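Please read the structure below before turning to the comments.
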Amino acid sequence: MNNQKNKKIGAAILTLLLIGSFLFFPVSGRITTSETEAVSVNDATSIPIPTRKAPDNPLRLDTVYNPEDETEIASVLQEGSYHDAGYNSDAGNQIVRYFPVYIGEPAEEGVPGRDRSGSLNPDQGDTSDWYGFYACEGQTIDASVTGDVSFELCDSSGHPVDGSLEAESTGRYFFHVFTEGSGGEYTFDITYSGQNDAGTGGDAGNDINSATSINPGSYIGYMSSDDVEDWYSFDVNTGDGITVYVKPLEKSDYDIHLYNPSGEYVHTAEYYGEDTLEYPADVSGTWKIQLDMFPGWDESKWPDNYFLYGSGPYELELTIGGSVEAPPGPIPQPEITPVAQTFMVNYDEDTNKDEYAYLAAVPAANYLENNERFMSPIVYQGCDVNKL
173 MNNQKNKKIG
183 AAILTLLLIG
193 SFLFFPVSGR
203 ITTSETEAVS
213 VNDATSIPIP
223 TRKAPDNPLR
233 LDTVYNPEDE
243 TEIASVLQEG
253 SYHDAGYNSD
263 AGNQIVRYFP
273 VYIGEPAEEG
283 VPGRDRSGSL
293 NPDQGDTSDW
303 YGFYACEGQT
313 IDASVTGDVS
323 FELCDSSGHP
333 VDGSLEAEST
343 GRYFFHVFTE
353 GSGGEYTFDI
363 TYSGQNDAGT
373 GGDAGNDINS
383 ATSINPGSYI
393 GYMSSDDVED
403 WYSFDVNTGD
413 GITVYVKPLE
423 KSDYDIHLYN
433 PSGEYVHTAE
443 YYGEDTLEYP
453 ADVSGTWKIQ
463 LDMFPGWDES
473 KWPDNYFLYG
483 SGPYELELTI
493 GGSVEAPPGP
503 IPQPEITPVA
513 QTFMVNYDED
523 TNKDEYAYLA
533 AVPAANYLEN
543 NERFMSPIVY
553 QGCDVNKL
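Okay, so the sequence shown: first residue is 173 according to this note's numbering, each after it adds one.
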């Protein structure tokens, strides 16, 4: 009995000692914290970087954000109005921040890449504008500017060239506008001359009767608002697979259309960006492909004020032989049998009863039975078509 009492007394004393330790020794004393003092967020040099004391490795931040930098940049942009080359911004003052311009498309004020104007403001640190454009091997590029500015044409590495630029390879080249004076507004013009489609030293044919003959291989070509299609021809034997790959180098959409030796249109590839056309030749002879652009420049194809575009170099690769898949044929459709009945729907201007009547008539006017389709006309009456 005495042993049990002693155990209880000892447990009580131990409990009191534990409670007392919490009272006299704060728990927070076992945790190390780093103190920081309040500072202005606009003082980038005095922003404290917190550290951990256990372990000893410091906590490193990627950057120190200084709102004053952003405020200063924003105020400069607000003071000046920049619309270089039609973009609502300032063209880059370094080559890596160039703005694209499309020299194969007509100049158009306010259209990004087609506008041919800009401005420099040395008082705000804007002394240089860089532009980039694509050219095809063999083309000659000329440029000019008006205003209190200077310019230089640069090769694909950004090195200035004297006079005209001769494109030694197909790719991107640069146009640099700069000033050592007062700057201000300027206009510029960049033009190209000559073509070298498929290495011919000229332009590929513009219709099916003047198609440029090529062999299997890889080629470079160029289209613009003044040269909206290129035609090529090649010989194929029955059973050979035809594979045509086209990749536009600028932000244009070029399509491929295939014609058999009889001049019949047999297949097409019309996707955005790169296109690949495959077709198994079913007859021997000279086949032809037409390359054109979407939407292109034919105003008669599109509504008024439709935005038309398309220009620049393309890569063309022709492969003959191998096994390719034929395009899917037309999906068989059931025979259509007209039914000698007409469903009349009375136009109701005040309610939508006529709409429900039309929906109710559709299943009876157009239905499939035993793989045969039966159809009847549905006619609205009592309505003014000019008000619909």
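Note that the Cβ used here is the ideal one computed from N, Cα and C, for glycine as well.
Source: prediction; values computed, not measured.
- According to the DSSP assignment, residue 423 belongs to no beta strand (DSSP E), since it is labelled neither H nor E.
- For secondary structure counted as the beta strand (DSSP E) over 3 or more consecutive residues, the stretch 470-494 holds these complete runs in sequence order: 484-492.
- Taking residue 444 as the centre and dropping the five residues before and after it, the same chain places the C-beta of 425 closer than 6 Å to its C-beta, in chain order.
- By the C-beta density criterion, residue 469 is buried, having at least 16 other C-beta atoms within 10 angstroms.
- The DSSP-derived three-state label of residue 272 is strand.
- The criterion of a C-beta distance shorter than 8 Å is satisfied by residue 336 and residue 314.
- Put simply, the backbone Cα of residue 403 is about 20 Å away from that of residue 409.
- Restricting attention to 396, 484, 555 and 486, the CA atom closest to the CA of residue 516 is found in 555.
- In this structure, DSSP gives residue 535 a helical state, which the three-state scheme calls helix.
- The three-state reading of DSSP puts residue 293 in strand, counting E and B together.
- Taking every protein chain shown into account, the CB of residue 374 has fewer than 16 other CB atoms within 10 angstroms, so this residue is exposed.
- Residue 322 counts as exposed, since fewer than 16 other C-beta atoms from the protein chains shown sit within 10 angstroms of its C-beta.
- The continuous beta strand (DSSP E) containing residue 319 extends over residues 312-326.
- Its chain contains 294 and 320 as the residues whose beta carbon lies nearer than 8 Å to that of residue 354, once the 5 sequence neighbours on both sides are disregarded; these appear in chain order.
- Where residue 458 is concerned, the enclosing beta strand (DSSP E) starts and stops at 457-466.
- Checking the DSSP bridge columns, you'll see residue 517 partnered with 552.
- Contact between the stretch 411-422 and the stretch 481-493 is present: 3 or more CB-CB pairs across the two stretches fall below 8 Å.
- A distance of 8 Å or more separates the beta carbons of residue 360 and residue 396.
- Contact annotation, residue 306 with residue 271: C-beta distance approximately 13 Å; criterion of less than 8 Å not satisfied.
- Distance from the Cα of residue 401 is smallest, within the candidate group 382, 339, 387 and 498, for 382.
- When Cβ pairs closer than 8 Å are counted between the two stretches, the stretch 421-436 is seen to touch the stretch 473-484, the count reaching three or more.
- Residue state for residue 522 is assigned as coil, using DSSP reduced to three classes.
- In the structure shown, the three-state DSSP call for residue 527 is helix.
- Pairing residue 452 with residue 498 gives a Cβ-Cβ distance under 8 Å.
- Under the 10 Å beta carbon count, residue 266 is surrounded by fewer than 16 other beta carbons and is classified as exposed.
- Cβ neighbours of residue 474 within its own chain (closer than 8 Å, five residues either side excluded): 467 and 480.
- The beta carbon of residue 440 lies closer than 8 Å to those of 427, 428, 429, 430 and 449 in the same chain, with the five residues before and after it left out.
- Residue 553 is positioned such that its CB atom lies no closer than 8 Å to that of residue 524.
- Using a 10 angstroms sphere on the CB of residue 541, the tally of other CB atoms stays under 16, which defines it as exposed.
- For the pair residue 513 and residue 549, the Cα-to-Cα distance works out to about 7 Å.
- If the five residues before and after residue 366 are omitted, its C-beta is found closer than 7 Å to the C-beta atoms of 310, 311 and 312, all from its own chain and listed in chain order.
- DSSP places residue 408 inside the beta strand (DSSP E), whose first and last residues are 401-408.
- Under the three-state reduction of DSSP output, residue 503 falls in the coil class, being neither helix nor strand.
- In this structure, residue 506 lies away from residue 538, with their beta-carbon atoms at least 8 Å apart.
- For a cut-off of 8 Å, the C-beta gap from residue 547 to residue 504 is around 18 Å, too long to register as a contact.
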